[in-house]
Amino acid sequence: MTMPTVPAGATNSRLVTWTTPQVDLRVIGAASGLDYLLGLLKSGALPPISELMNFSAVTFEHGRAVFEGTPAEFHYNPIGAVHGGFAATLLDSALGCAVHTTLRPGFAYTTVELKVNFVRPLRADTGPVTCEGKVIHVGGRIATADAKLSDASGRLYAHGTTTCLIFPVGEKA
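Position 36 of the sequence shown, counting from 1, maps to 35 under numbering that gives the first Met the number 0, and the rest follow consecutively.
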């Protein structure tokens, strides 16, 4: 394991900037889930969570979503590994967006259950990781999906599943 070259106890800083999202339920409700996500991807606008956590969407297809991120020192927990929340965030994003790609106009989703299995630790020297989510089942109100998080050589770091609730846009979940 390669440790950072910065001396222990050194002070670092990170500035995070983002564009305030323009959430318009009429726009979300008028497009299919896939068309909405493809529009976001084409616009290049990153949601604030992407800027904060250092990850972004790569591709969306019907029933599939892919995200990439690069673990960094600012993701570290007290024992010198990337906090599990980084992997869980990538998994939740890929899983939920995979479900979203299947929704018809007028519908949205929310995660009701997320199961994550951590296989090995991520570190700042792991390099970029990719998370691919795929839908297992979409029903009238419930959808399920699974995802894998791996590095450039295909080495698995985490995998997970989700259950999502599907509801009409504007309805409180």
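By construction, the Cβ of each residue, glycine as well, lies at the ideal position given by its N, Cα and C atoms.
| Cβ neighbours of residue 164 in the same chain (closer than 7 Å, five flanking residues each side left out) | 108, 109, 111, 140, 141 and 172
| said: Here's the rule I'm using: 16 or more other beta-carbon atoms within 10 Å means buried, otherwise exposed. How should residue 114 be labelled? | reply: exposed
| task | In angstroms with no decimal places, state the Cα-to-Cα distance between residue 11 and residue 72. | result | 10 Å
| request: Tell me the start and end of each unbroken alpha helix (DSSP H) in the stretch 33-90 that is at least 4 residues and wholly inside, in chain order. | output: 47-52
| Among residues of its own chain, excluding the 5 on either side of residue 167, which ones have a beta-carbon nearer than 7 Å to its beta-carbon? | 105 and 106
| query | Comparing alpha-carbon positions, which option in 131, 58, 21 and 143 lies nearest residue 98? | reply | 143
| said: Could you pull the DSSP bridge partners for residue 108 from this structure? | reply: 165
| said: Can you give me the C-alpha to C-alpha distance between residue 0 and residue 156, rounded to a whole angstrom? | reply: Residue placement at residue 0 is poorly supported in this model, since its pLDDT is 48, which falls under 50; the coordinates still yield a value, given next. About 16 Å.
| said: I'd like the list of long-range same chain contacts for residue 177, defined as Cβ closer than 6 Å, with 5 residues on each side in sequence excluded. | reply: Only positions 0 to 172 of the chain appear in this structure, which leaves residue 177 out of reach.
| query | Along the chain, where does the alpha helix (DSSP H) that runs through residue 28 open and close? | reply | 24-29
| said: Going by DSSP, what residue range makes up the beta strand (DSSP E) through residue 139? | reply: First-last for residue 139: undefined, no H or E at that position.
| request: Compare the beta carbon distance of residue 137 and residue 94 with 9 Å and say whether it is the shorter of the two. | output: no
| task | For residue 13, I'd like the list of residues in its chain whose CB is within less than 7 Å of its CB, leaving aside the five on either flank, ordered along the chain. | result | 73
| query | Taking buried to mean at least 16 other C-beta atoms within 10 Å of its own C-beta, is residue 147 buried or exposed? | reply | buried
| said: Can you list, in chain order, the residues of its chain with a C-beta nearer than 7 Å to that of residue 53? Leave out the 5 residues immediately preceding and following it. | reply: 68, 69 and 71
| task | Report the residue from 116, 22 and 32 whose alpha carbon sits nearest the alpha carbon of residue 100. | result | 32
| query | What does a CB cutoff of less than 6 Å around residue 159 pick up in its chain, not counting 5 residues either side in sequence? | reply | 90, 114, 115 and 146
| Per-residue DSSP class, three states only, for residue 102 | coil
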